[in-house]
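Engineer:
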Amino acid sequence: MKTTLGLAAAAAVLAAVGAAYTQPAPDRPALPPVVLDPGIRLPAPAPADMVPPPALPAVPPPPKVELPPLPVVTPAPLPVPMPIVPAAKAEPTKLPAVPPPPVIPLPAVPAPVAQPAPLPPPAALPKVPPPVAQPLPLPPPAALPKVPPPVAQPLPPPLAVTPTTPPTNGGVVVLQDGKVVEGHVSRAEGKVIVRRASVDQKFPTEQVKYVAGSKDEAYRLTLKDTKADDAAARLRLARWCMYNGMRENALTEAKEVVRLEPANRTAATLVRTLEESLKLYPGDGTTRVSAPAPTPALPAVPPPPVTTVPEPDVAPEAAVAFGPRVQPVLMNQCATCHASSTHTSAFKLTAVPSNEVNAAATRANLRAAAAQVKKTEPAASPLLLKAVTAHGGQVTPAFVDREAAAFRMLQAWAFLSVGELAPPVAAAPPVAAPVLPPAPVSDVRPTLPPPPPPVPAPAPTVPAPPAIPPAEGSIPPIPPASDNPGFGRTAPPPIPVVPAKDEFDPDNFNRPGPGR
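Numbering (mature numbering (1 follows the signal peptide of the UniProt record, and there is no 0)), first residue to last: -22 to -1, 1 to 494.
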């Protein structure tokens, strides 16, 4: 029953679909009907081939769900629109009536007036003489009031000295180490300021020993603090004066040292050198300050055995030449080690820059160099021997070549410091005279003796080689011994030694060149 209902429903659906397809649509043309060819026979389905459709499962009807009744919602009444009232048309504003402009009558143009006749020229006026100036009477001069004479007022007390004083026109500052600085001197903030040209040098007050107006005053202040009977101190003062350009004062002090110690050779040589210098180059008129009068005779007191700062026992010429000639050599070759703060040997130097003059450092270096000079034999001085030998852990010596100009300068100064003018020149080794062979007696050439006969070998298998003939003229003749017993033993005449050229000789710079 259910199958029959299903087939019937399917057939009804197909019929409805076919009817829908066969009916022409209003918007498209109708399809032609399908005509089957009668000659084509469709196979009829056999009853055995027909398979009954499967039974459809029974589908229970959906449960009936009762929905709650919907609430009745009464819509709110719509607002009644206000009727549109047309706006009243405003009447246009009437413009006020403008009266027409009044008609102004034009003035009548007058007729042209005839020009009057020209006036006659004015008559000349009579000349009036100028009035004569009458002098006014001068009033009598008024009497001047009497001015009382000025009353002398006492001068106000002097103002206190301010910390900064104006610089003086000239002055000399002596430092604690003996260095002399000249210039305009002033004081400010606990320091002494010396202006030289446009450069100010400031020195702390504790570093300044004297401030004087001139070198002579500085000498008097230094002399006042020097013991009059101390020959070593007076000799130091003489050299200080010489180093700072006060030769006359240096000569006075050197003579005083000779008076105190007649056997002092250094002071005597210094006196002779200064006298010759003043004779050749006299002073510029500076006032010579005489030494103070000698004190009364005191009981003989032996001089102290050793002074605090020993003076170098060198000739004055060597002391003068040390600063400009020898000290630069020591600074270039030796100061790297011997001026170091960690150096502990006896030869201790003080570094001095090339652009600075330091009298105290120069004196210290002079003492150190003089201590390395052997007075009796300057050529064997440690100053010269150490200079050409490697020492102190160095691989090479300071002077590799003894003929170098710097070493020859050091050697010449070592001999000059003990009073010798120049080191002795070593004599050149004698050159052996060539031994000449005597004249040949004849033109016969000597020949070598024939070789000894060959020793026969036992059972020789090869023939012996031919004998070698003696060579002729290949070896020169041996000259005979000379009959003169003194020949070759006496030294040849000495070869003249040409002195080495000094590269620091001023004549080389003053000699005119080819282009001058």
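Don't be surprised by glycine CBs; every beta carbon is placed ideally from N, CA and C.
Put residue 197 into one of helix, strand or coil per three-state DSSP.
Structural biologist: It is helical.
Engineer: Give the single residue among 234, 302 and 75 whose Cα lies nearest to the Cα of residue 527.
Structural biologist: A question about residue 527 goes unanswered here, because the residues of the chain that appear run from -22 up to 494.
Engineer: What runs of the alpha helix (DSSP H), each 4 residues or longer, lie entirely inside the stretch 157 to 227?
Structural biologist: Complete alpha helix (DSSP H) runs here, min 4: 193 to 202 and 209 to 221.
Engineer: Contact between the stretch 205 to 213 and the stretch 229 to 242: three or more CB pairs below 8 Å?
Structural biologist: Enough Cβ pairs lie closer than 8 Å, so yes.
Engineer: Between which two residues does the beta strand (DSSP E) containing residue 151 stretch?
Structural biologist: Unbroken beta strand (DSSP E) run through residue 151: 149 to 153.
Engineer: Exposed or buried, what is residue 531 when buried is set at 16 or more other beta-carbons lying within 10 Å of its beta-carbon?
Structural biologist: Outside the modelled stretch of the chain, which goes from -22 to 494, sits residue 531, for which no answer is possible.
Engineer: My understanding is that residue 230 touches residue 293, with C-beta atoms under 8 Å, so please give their C-beta distance in whole angstroms.
Structural biologist: Not really, about 21 Å apart at Cβ, beyond 8 Å.
Engineer: Assuming the contact rule is C-beta atoms closer than 8 Å, residue 343 and residue 305 should be a hit. Round their C-beta distance to whole Å, please.
Structural biologist: That pair is a contact at about 6 Å.
Engineer: At what residues does the alpha helix (DSSP H) containing residue 310 begin and finish?
Structural biologist: Looking at the DSSP string, the run of the alpha helix (DSSP H) that includes residue 310 is 305 to 311.
Engineer: For the stretch 327 to 340 against the stretch 366 to 384, do three or more pairs of beta-carbon atoms, one drawn from each stretch, fall closer than 8 Å, so that the two count as touching?
Structural biologist: With the cut-off at 8 Å, the stretch 327 to 340 and the stretch 366 to 384 do not touch.
Engineer: When you compare each of 173, 82, 348 and 152 to residue 184 by their alpha carbons, which one comes out closest?
Structural biologist: Of 173, 82, 348 and 152, the residue nearest in Cα terms is 152.
Engineer: For residue 225 and residue 345, what's the separation of their Cα atoms in angstroms?
Structural biologist: Between residue 225 and residue 345, the C-alpha separation is close to 22 Å.
Engineer: Which residues mark the beginning and the end of the alpha helix (DSSP H) in which residue 345 is found?
Structural biologist: It spans 337 to 348 - the alpha helix (DSSP H) in which residue 345 sits, taken as one unbroken run.
Engineer: Cβ atoms of residue 356 and residue 393: under 7 Å apart, would you say?
Structural biologist: A contact, by the Cβ cut-off of 7 Å.
Engineer: Grab me the residues of residue 172's own chain with a C-beta within less than 6 Å of its C-beta, minus the 5 sequence neighbours each way, in chain order.
Structural biologist: Here the set comprises 151, 159, 161, 163 and 179.
Engineer: At the level of alpha carbons, what is the spacing between residue -14 and residue 46?
Structural biologist: So the alpha carbons of these two residues sit roughly 35 Å apart.
Engineer: Could you check the C-alpha separation between residue 116 and residue 123 for me, to the nearest Å?
Structural biologist: So the alpha carbons of these two residues sit roughly 21 Å apart.
Engineer: Specify the secondary structure class of residue 370 as computed by DSSP and reduced to three states.
Structural biologist: DSSP places residue 370 in coil when its eight states are reduced to three.
Engineer: Using a threshold of 6 Å, is the CB atom of residue 332 nearer than that to any non-hydrogen atom of the ligand GTP?
Structural biologist: As presented, the structure is devoid of all ligands, the ligand GTP included, so that no description of it is given.
Engineer: If you draw a straight line from the C-alpha of residue 387 to the C-alpha of residue 208, how long is it?
Structural biologist: So the alpha carbons of these two residues sit roughly 35 Å apart.
Engineer: Does residue 354 pass the burial test, meaning 16 or more other C-beta atoms within 10 Å, or should it be called exposed?
Structural biologist: Residue 354 is exposed by the Cβ-count criterion.
Engineer: Which of helix, strand or coil does DSSP assign to residue 253?
Structural biologist: Here residue 253 sits in helix by DSSP.
Engineer: Work out the CA separation of residue 55 and residue 36 for me, nearest whole Å.
Structural biologist: Looking at the two C-alpha atoms, the distance is approximately 53 Å.
Engineer: Looking at the structure shown, is residue 301 part of a helix, part of a strand, or coil, going by DSSP?
Structural biologist: The answer is helix: DSSP assigns residue 301 an H, G or I state.
Engineer: Closer than 7 Å by C-beta to residue 348: which residues in its own chain qualify, once you throw out the five before and the five after it? Chain order, please.
Structural biologist: Counting only Cβ-Cβ distances below 7 Å, and skipping sequence neighbours, we find 290, 291, 292 and 395.
Engineer: Are residue 365 and residue 376 close, meaning C-beta to C-beta below 7 Å?
Structural biologist: Cβ atoms of residue 365 and residue 376: closer than 7 Å.
Engineer: Given a threshold of 16 other Cβ atoms within 10 Å of its Cβ, counted over all protein chains shown, does residue 197 qualify as buried or as exposed?
Structural biologist: Label assigned to residue 197: buried.
Engineer: Using a threshold of 7 Å, state whether the C-beta atoms of residue 189 and residue 181 are closer than that.
Structural biologist: The answer is no: Cβ separation not under 7 Å.
Engineer: Helix, strand or coil: which one does DSSP assign to residue 466?
Structural biologist: Any reading at residue 466 must be qualified, since the residue scores a pLDDT of 46, below 50, and its modelled position is unreliable; the value itself is stated next. Residue 466 falls in the coil class under three-state DSSP.
Engineer: Reducing DSSP to helix, strand and coil, say where residue 329 ends up.
Structural biologist: Three-state DSSP puts residue 329 in coil, outside helix and strand.
Engineer: Just to confirm the assignment, what range does the alpha helix (DSSP H) spanning residue 360 have?
Structural biologist: Here the alpha helix (DSSP H) through residue 360 covers 360 to 363.
Engineer: Could you spell out where the alpha helix (DSSP H) holding residue 377 opens and where it closes?
Structural biologist: No alpha helix (DSSP H) contains residue 377, which DSSP labels as neither H nor E.
Engineer: Report buried or exposed for residue 149, applying the criterion of at least 16 other Cβ atoms within 10 angstroms of its Cβ.
Structural biologist: Residue 149 comes out buried.
Engineer: On the three-state DSSP scale, how would you describe residue 131?
Structural biologist: Three-state DSSP puts residue 131 in coil, outside helix and strand.
Engineer: Hey, how far is the Cα of residue 206 from the Cα of residue 341?
Structural biologist: Using only the alpha carbons, I get a separation of about 22 Å.
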